[in-house]
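Here the sequence shown is numbered in the working numbering, starting from 209 and rising by one per residue. For glycine and all other residues, C-beta sits at the position ideal for the given N, C-alpha and C.
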Amino acid sequence: MKRFKYRIEDLAVSKKTRLILALDPVGVDSSKLEDYALCMLERLSDYICGVKLNWHLLLPLSLNELYRITSKAHKHGVQCIADCKLNDIGSTNEVAVRYLMDAGFDAITVNPFIGWSDGVDVIAREVNARYGGVLPLIYMSHRGASEGYGRIVLDGGYQQPFYKIFAYRALEWGCDGAIVGATRIDVIREVYDILGEDIPIYSPGVGVQGGSAIEAVRAGAKYIITGRSILCSQSPEEEARRLTKLIHSALSSP
Numbered sequence: 209m210k211r212f213k214y215r216i217e218d219l220a221v222s223k224k225t226r227l228i229l230a231l232d233p234v235g236v237d238s239s240k241l242e243d244y245a246l247c248m249l250e251r252l253s254d255y256i257c258g259v260k261l262n263w264h265l266l267l268p269l270s271l272n273e274l275y276r277i278t279s280k281a282h283k284h285g286v287q288c289i290a291d292c293k294l295n296d297i298g299s300t301n302e303v304a305v306r307y308l309m310d311a312g313f314d315a316i317t318v319n320p321f322i323g324w325s326d327g328v329d330v331i332a333r334e335v336n337a338r339y340g341g342v343l344p345l346i347y348m349s350h351r352g353a354s355e356g357y358g359r360i361v362l363d364g365g366y367q368q369p370f371y372k373i374f375a376y377r378a379l380e381w382g383c384d385g386a387i388v389g390a391t392r393i394d395v396i397r398e399v400y401d402i403l404g405e406d407i408p409i410y411s412p413g414v415g416v417q418g419g420s421a422i423e424a425v426r427a428g429a430k431y432i433i434t435g436r437s438i439l440c441s442q443s444p445e446e447e448a449r450r451l452t453k454l455i456h457s458a459l460s461s462p
């Protein structure tokens with residue numbers, strides 16, 4: 209089996225889309241979350257190559273319910289990302305990864321602040337054994353990200369922001385992708401200068417948070433992640449189709 213980053217790339221090429229749906233239900237009754245998620249996957253699978261689930265679904269749903277969602281996604285050629293931002297010691301991360309991978313997820317987001325030894329190394333070992341992907345947070349999409357990921361520190365005799373350090377770590381750790389918010393185009397450019405084409409950039413924050421899909425892609429993002437702008441629109445299919453075309457045009461322009 210191919211690794212996650214190659215599987216999602218193959219799907220992106222064959223389906224002609226680099227859009228990832230952040231499946232974060234808004235105002236949906238807890239008893240209807242699974243049905244809602246399955247319905248949205250059925251409606252939107254033609255326009256996405258991946259789906260990202262965070263605490264909106266990871267907490268209220270059982271592992272069996274999550275497995276039914278990931279199975280539905282895989283049936284429609286959609287890779288599944290568990291956006292849990294793992295941020296604990298190795299033994300705890302190991303348990304979390306096993307449950308998530310058993311639930312059918314293909315990749316997991318991690319917080320690089322925990323470091324490699326007894327942190328990300330355990331996650332990578334467990335995920336790689338199942339041909340999954342590790343996606344570190346390089347710079348998040350909310351305003352407060354500057355207080356952590358954007359903080360300037362002294363590293364190896366040089367002053368640089370944490371996000372640059374984390375970008376180099378992503379290369380060192382052999383990660384399958386890197387998360388950089390579409391709300392900071394300048395950061396996407398800087399991170400792309402470090403990662404190049406070796407590690408694809410996934411950019412959340414398009415739409416409601418103010419990020420631009422076109423600008424993010426032109427700055428170096430490979431995949432665009434958005435949720436509310438699609439899910440809360442009058443026609444989710446039309447909005448997903450529109451975003452797919454925007455991304456394609458940005459990739460095609462010089």
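Proximity of residue i and residue j at Cβ, strictly below 8 Å
i	j	result
residue 413	residue 419	yes
residue 286	residue 258	yes
residue 408	residue 223	no
residue 327	residue 298	yes
residue 261	residue 291	yes
residue 427	residue 393	yes
Strand pairing of residue i, partner residues [DSSP]
i	result
residue 363	366
residue 408	According to DSSP, which records beta bridges pairwise, residue 408 is partnered with nothing at all.
residue 343	317
residue 399	For residue 399, which the question treats as bridged, DSSP gives no partner whatsoever.
Nearest-angstrom Cα separation, counted from residue j out to residue i
i	j	result
residue 279	residue 305	18 Å
residue 415	residue 397	19 Å
residue 317	residue 383	10 Å
residue 235	residue 243	14 Å
residue 434	residue 210	26 Å
residue 432	residue 367	30 Å
residue 225	residue 388	19 Å
residue 449	residue 283	20 Å
N- and C-terminal bounds of the alpha helix (DSSP H) containing residue i
i	result
residue 292	Element bounds for residue 292: not the alpha helix (DSSP H) but the beta strand (DSSP E), 287-294.
residue 277	271-283
residue 219	212-223
Extent of the continuous beta strand (DSSP E) run through residue i
i	result
residue 452	From DSSP, residue 452 is part of no beta strand (DSSP E) but of the alpha helix (DSSP H) over 444-460.
residue 229	227-230
residue 337	Neither: residue 337 is in no beta strand (DSSP E) and is coded neither H nor E.
Can at least three beta-carbon pairs, one atom from the region 263-270 and one from the region 229-245, be found at a separation below 8 Å? yes
Do the region 361-376 and the region 329-348 meet, that is, are 3 or more Cβ pairs less than 8 Å apart? yes
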